[in-house]
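Numbered by my numbering, the letters in the sequence shown go through residues 604 to 1732 in order. The C-beta atom is built at its ideal place from N, Cα and C for all residues, glycine as well.
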Amino acid sequence: MSMPQVRPIDVKVRERALDPLHSFIVQAPAGSGKTELLIQRYLRLLAIVSEPEQVLAITFTRKAASEMRLRVESALQAARNQIEPEAEHLQLSYRLACAVIANDAQQNWGLAGHPSRLRIGTIDSLNSRIARRAPLSTGLTSANSLLEDTGPLFREVARRTIAFGKDDGELGDAVRLLLAHCDNITDRLETLLMMMLQRRDQWLRKIGSGQIDDPAALRTWLEATLGKLIESQLRIVADKIPHKLTDEIVILLQDAAQGIKDFKPDAPVIAWAEQPALPDLNIENLSLWRALTNTLLTKDGCWRKAVNKNSGFPPARKAEKQHAQNVLKRLSAYPHFEAALANLQALPDPYYSDAQWHVLAALFPVLPAMVAILKQMFAEHGQTDYTEIAQEALHSLGSDDDVTELGLALDYQIQHILVDEFQDTSRSQYNLIRQLTAGWGSDTGRSLFLVGDPMQSIYRFREAEVGLFIETQQHGIGDLKPETLTLTTNFRSDQAIVDWFNRVFRQIMGEDSDATTGAVQFEPSTPWLGNTPGAGVEWHAAAYRQREEEGKKIAVLVAQTLNNYPHDTIAILVRSRSHAREVCAALRDKHIDYTATDLENLDDQQVAQDLLALTRAVTHPGDRLAWLACLRAPWTGLTLEDLHALAAHDHTASLWQSINDPVICARLSKDGQFRLAAFRRIMTATLERRGAIALRELIEGTWVRLQGPQTLKDRTEFELVGRYLTLLGTLEKGADCIDGAELMQRLAELPITRSSGEGQVQVMTMHKAKGLEFDTVILPCLGYRTRTSQKPVLLFHELPHAEQEESLVVAPITPAAEKSEPLFDLLWRFEKNQQAYELKRLLYVATTRARRRLHLFAQLQRDSNDMASLAHPDKSTLLAELWSALPKNFVAKACKTLPEPVDKSRTWERKPEWFTIKTRRLRHVAEPELAKFSAPEIDEVEFEWASLWARHVGTVVHLWLQQIAMQGVDHYNDAVIDAQRPALRRKLKQLGTEKRMLQQAENRVVEALKQTLHDQKGRWILSDQHENSAVEMQITDVCEDDFEKSVIDRTFVSADGIRWIIDYKTSSHEGGNLQVFLASEAKRYRPQLTRYRDALRATDDREVQTALYFPLLQVFHIVDCDELQRTGE
604 MSMPQVRPID
614 VKVRERALDP
624 LHSFIVQAPA
634 GSGKTELLIQ
644 RYLRLLAIVS
654 EPEQVLAITF
664 TRKAASEMRL
674 RVESALQAAR
684 NQIEPEAEHL
694 QLSYRLACAV
704 IANDAQQNWG
714 LAGHPSRLRI
724 GTIDSLNSRI
734 ARRAPLSTGL
744 TSANSLLEDT
754 GPLFREVARR
764 TIAFGKDDGE
774 LGDAVRLLLA
784 HCDNITDRLE
794 TLLMMMLQRR
804 DQWLRKIGSG
814 QIDDPAALRT
824 WLEATLGKLI
834 ESQLRIVADK
844 IPHKLTDEIV
854 ILLQDAAQGI
864 KDFKPDAPVI
874 AWAEQPALPD
884 LNIENLSLWR
894 ALTNTLLTKD
904 GCWRKAVNKN
914 SGFPPARKAE
924 KQHAQNVLKR
934 LSAYPHFEAA
944 LANLQALPDP
954 YYSDAQWHVL
964 AALFPVLPAM
974 VAILKQMFAE
984 HGQTDYTEIA
994 QEALHSLGSD
1004 DDVTELGLAL
1014 DYQIQHILVD
1024 EFQDTSRSQY
1034 NLIRQLTAGW
1044 GSDTGRSLFL
1054 VGDPMQSIYR
1064 FREAEVGLFI
1074 ETQQHGIGDL
1084 KPETLTLTTN
1094 FRSDQAIVDW
1104 FNRVFRQIMG
1114 EDSDATTGAV
1124 QFEPSTPWLG
1134 NTPGAGVEWH
1144 AAAYRQREEE
1154 GKKIAVLVAQ
1164 TLNNYPHDTI
1174 AILVRSRSHA
1184 REVCAALRDK
1194 HIDYTATDLE
1204 NLDDQQVAQD
1214 LLALTRAVTH
1224 PGDRLAWLAC
1234 LRAPWTGLTL
1244 EDLHALAAHD
1254 HTASLWQSIN
1264 DPVICARLSK
1274 DGQFRLAAFR
1284 RIMTATLERR
1294 GAIALRELIE
1304 GTWVRLQGPQ
1314 TLKDRTEFEL
1324 VGRYLTLLGT
1334 LEKGADCIDG
1344 AELMQRLAEL
1354 PITRSSGEGQ
1364 VQVMTMHKAK
1374 GLEFDTVILP
1384 CLGYRTRTSQ
1394 KPVLLFHELP
1404 HAEQEESLVV
1414 APITPAAEKS
1424 EPLFDLLWRF
1434 EKNQQAYELK
1444 RLLYVATTRA
1454 RRRLHLFAQL
1464 QRDSNDMASL
1474 AHPDKSTLLA
1484 ELWSALPKNF
1494 VAKACKTLPE
1504 PVDKSRTWER
1514 KPEWFTIKTR
1524 RLRHVAEPEL
1534 AKFSAPEIDE
1544 VEFEWASLWA
1554 RHVGTVVHLW
1564 LQQIAMQGVD
1574 HYNDAVIDAQ
1584 RPALRRKLKQ
1594 LGTEKRMLQQ
1604 AENRVVEALK
1614 QTLHDQKGRW
1624 ILSDQHENSA
1634 VEMQITDVCE
1644 DDFEKSVIDR
1654 TFVSADGIRW
1664 IIDYKTSSHE
1674 GGNLQVFLAS
1684 EAKRYRPQLT
1694 RYRDALRATD
1704 DREVQTALYF
1714 PLLQVFHIVD
1724 CDELQRTGE
């Protein structure tokens, strides 16, 4: 229900935000309608510009860009149709849209027919568009295919970099030093270098090429910045000193100096003897401040309880000692001063040690060399990533002092920029915006509109810096000084929910903002809505570490909510993917449909684990664990007793030998013997075929013969099998060769999606929930930690600087052999503090998704020292942030119902708990028909010039044709193909092409590609000018209870409106009648092309034509799919 007010209390602020002549930075808390305001501002600007391209709207996700575009186009369409909405806020959008329609007609834009002229997109797409407009001679990679999963490539780059350690010269010496720094553990250095590659946009702009012209000057500059950092910490201490005790503290220190000088003449505190007041806040006085700290605090960073001779107060000086203890007693009331002194106590010296500097000097050449290797591999593989595109876009625009022609062209074209979710901006993205608005002043007729909410900045792992929002509020960006506006009305949540937000988060977030630490001031909201039935916040108790029971409680709660509110949406939001495992299992057990995107990895799924065991058993016959897993898998289903009878006699013997030993097999039960016999016959045929056909096909065929499809429970498991086999096909290096470690790692990195129902119940991470809203929100596992962050090889810290020269502090990672290093520890403490502030913001994001009801699950345990109270949760958990918000009656009830904590000192007395594992297996194992055993058929005609190497040629030709079609055929010629010969050869080797056939295979690939580029029809097929074009389009056909996946090589809609489906065939034809050969090929592939055509016809009512293209023959052969019916073939 709506509140009594007719208009929101911040209506004047919203009206001010639509002034096109001014720039603004708008803070918009959760539920404040920022997207609607952004759209209204965009429409207002479109109504006054001469071209729609002059207004640029930037978002940070494709979903947000699509939503904004859809809402803008819907508003314009409503204005064209004169459909005026009833809601007042929509009426304003309608009037603004009408003004745009009028301007559209006057300027002849034709937006109705060309909506693509609306410049609404992500910042990544903007980067790509800018980089692609740069001259090709710059060698940029923006035209390459975008690499979503950079892990494998980054790992290879790190390994190549480490390999330089075998060489002589500066780079080899630097790598060896870094290896020694990591205790010569290459895996550790590899991981650290991969982390640095992922963050290269942070450090590459700071260290450049890594060439140090004047090492002494660089060291001096860095140490000067380190001194500034230390001075900033001294200022924090000075701000926390209680003023009424300042003189008392000075007297205490003077007394300590006088009392210690006779028996400790070198004690640092002696310098206080002649110090009349607190010293100045500079590094020259650092020793005085350290002496103050060590006098007042213990080594553990706590106030001293007493003083003695060692601290300068011998028994003879009773009056001074009494005064000191009185001061210390009074200081105990100032915990913030104590914490500030403890930080000062851990401060490093204001200079680098020689060991630190040697590591830094080694990193400066290694990191840029690693980037050079990455760029080379991008070029070889025809790939790129978002960071590379962003760097290229900045490079294309030039600098403030040296603007490029492209930068000038964009500056002329763009008049107004709107940026959504500005709080999630990284430093590189911030620099791009600053570069695009360089020279814009308040009187230029141009405007910048930044909207976001620093309280919802939760993407530090993507390099987002909330401090940039705060800096821009305080100092502006470049020449622009946007006016700060704050929205206060919450249109999303009921009053009870908003009141809870205001009460709880004012305490959690505090009232101060700090660009350096990431602290953000809480901004309260005013509710627009009243309360609906059942609205509010409810706490639920769950016993700590009993996650299955908690999952069951959540499933019951979801069922009750669906029953009470059948049309409401429900979201279960987790901090970590691992927190969703028991919840999802409980939902499945209660048969509640839910959608969960990317919450689980493929390696966690039993069906994938069984296929992995089968793969390892086939490729590594000596892997006993893999064979045991295959025998235990549902398709064989041996009992534990039968497995013991088979394997226990000799722990070193090959299980395959035991499986073929009739004496050993006779020990099994009758059922086990029958199951083992069926398994043995199938695996015998499999091992005989190993090396003759592709591993992916061999594993799939074996799995089918083992009745694997009959063991699957639902469609999701069928999809999991398909994903595993697809991954296996991409990794195999030959017919029977695969890197098992890489396969397992890739499985662990491959997320899966479960989807059932209509999305009424969704399980997702809190990060993914940002921007969404639900009637009911459930937050489980609040009391559990997540995996801690890994320390990088290098830490950077920028001091606050508005638009001044950057002040940078750099610290190398602590050597593996040492426990700590003050400088790195200091910067890591800053990092952890920023993470702690982001944790508060993550909690805010998660709770503010709720419209009506918010359910919080607290994982509790009784305090072992006080059974009437609860143990405080770990400080790194979300529950710790909410601890003070727990209702008293809830705590009292929990203390009575929770089980007693386990006495850790007596855990050795606990007896083991035995349980029986439920075996999931086929009820009956069918007798295999070995005569019909085969992997999926391999067409001999398709690769008729022989054998395995020819198939590899076909695979590589397909890959390169796909790449050419994606990047544009105009970017390729004979010279480009010749330049890519090393990459072609490397791919052929990866596929397992024999060395003696490698050159012939390479030449055949090059011939096929060049023939295509020389053929007019080939260039037409690969052109990027077609509409609705796709390469390697995956389609899935449903056939009774099974699924059949296929891939269409090339499809597009030609200028005459015909949808073309084209399959590449790398066959050659030597001798005989060409037309007879083409007719034979058409007959062979007609059923396949017909299946493709029918699948696309289900979603596209255009006329569809199918064809085969033979690159080596330069032949484009149209295949009539209906000929089968007409001729009765």
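- N1105: member of the alpha helix (DSSP H) spanning Q1098 to M1112, first to last residue.
- F1072 is positioned such that its CB atom lies no closer than 8 Å to that of P1085.
- When only Cα atoms are considered, Q1365 and L749 end up about 29 Å apart.
- According to DSSP, residue pairing for E1630 in a beta bridge involves V1656.
- As far as DSSP is concerned, P688 takes part in no beta bridge.
- Nearest to R1696 by C-alpha distance, out of I1651, Q1717 and L1231, is I1651.
- When rounded, the separation of the alpha-carbon atoms in Q1313 and Q1212 is 17 Å.
- Rounded to whole angstroms, the gap between the alpha carbons of N1167 and A1449 is 23 Å.
- As a beta-bridge residue in DSSP terms, G1055 pairs with Q630.
- In this structure, R1063 is the residue among R1063, A1471, L1160 and S1272 with its C-alpha nearest to the C-alpha of A1439.
- Per DSSP, reduced to three states, the secondary structure at W824 is helical.
- Around the beta carbon of T1702, fewer than 16 other beta carbons sit within 10 angstroms, so the residue counts as exposed.
- For G1139, the enclosing beta strand (DSSP E) has its first and last residue at G1139 to A1146.
- Cα atoms of L1328 and E1303: separation of roughly 7 Å, rounded to the nearest angstrom.
- L1249 sits in a helix when the DSSP states are folded into three classes.
- Non-local beta-carbon contacts of L1446 in its own chain, meaning distances under 6 Å to residues more than five positions away in sequence, involve L1481 and E1484 in chain order.
- The Cβ-Cβ distance between T901 and R907 falls below 8 Å.
- L749 carries a strand assignment under DSSP once its states are collapsed to helix, strand and coil.
- In the DSSP assignment, F1713 falls within the beta strand (DSSP E) that extends over V1707 to F1713.
- Under DSSP, R1456 takes part in a beta bridge, and its partners are G1139 and T1379.
- DSSP, read as helix, strand or coil, puts E1424 in coil.
- As the crow flies, the alpha-carbon of A936 is around 45 Å from that of V614.
- The residues R1456, L1457, H1458 and L1459, in chain order, have a CB closer than 8 Å to that of E1141 in the same chain once the five nearest residues on each side in sequence are set aside.
- In the three-state reduction of the DSSP assignment, Y1695 falls in the helix class.
- Your pair S1671 and L1715 checks out as a contact, with CB atoms roughly 5 Å apart and the cut at 8 Å.
- Its chain contains A1586 as the residues whose beta carbon lies nearer than 7 Å to that of H984, once the 5 sequence neighbours on both sides are disregarded; these appear in chain order.
- Taken in chain order, the whole alpha helix (DSSP H) runs of length 4 or more contained in the segment 892–978 are 921–934 and 938–948.
- The C-beta distance from S1472 to C1498 rounds to 7 Å, short enough to meet the 8 Å contact threshold.
- No Cβ-Cβ contact shorter than 8 Å links R1705 with I1664.
- Under DSSP, N1093 takes part in a beta bridge, and its partners are P1130.
- Here C905 is exposed, its C-beta having fewer than 16 other C-beta atoms within 10 Å.
- Cβ atoms of V1634 and T828 stay farther apart than 8 Å, at about 50 Å.
- Residue state for Q1149 is assigned as coil, using DSSP reduced to three classes.
- Exclusion of the five residues before and after K1193 leaves A1158 and A1162 as the residues of its chain whose Cβ lies within less than 7 Å of its Cβ.
- Linking H717 to R683 through their CA atoms gives a straight-line distance of about 15 Å.
- Bounds of any alpha helix (DSSP H) do not take in E877, whose DSSP letter is neither H nor E.
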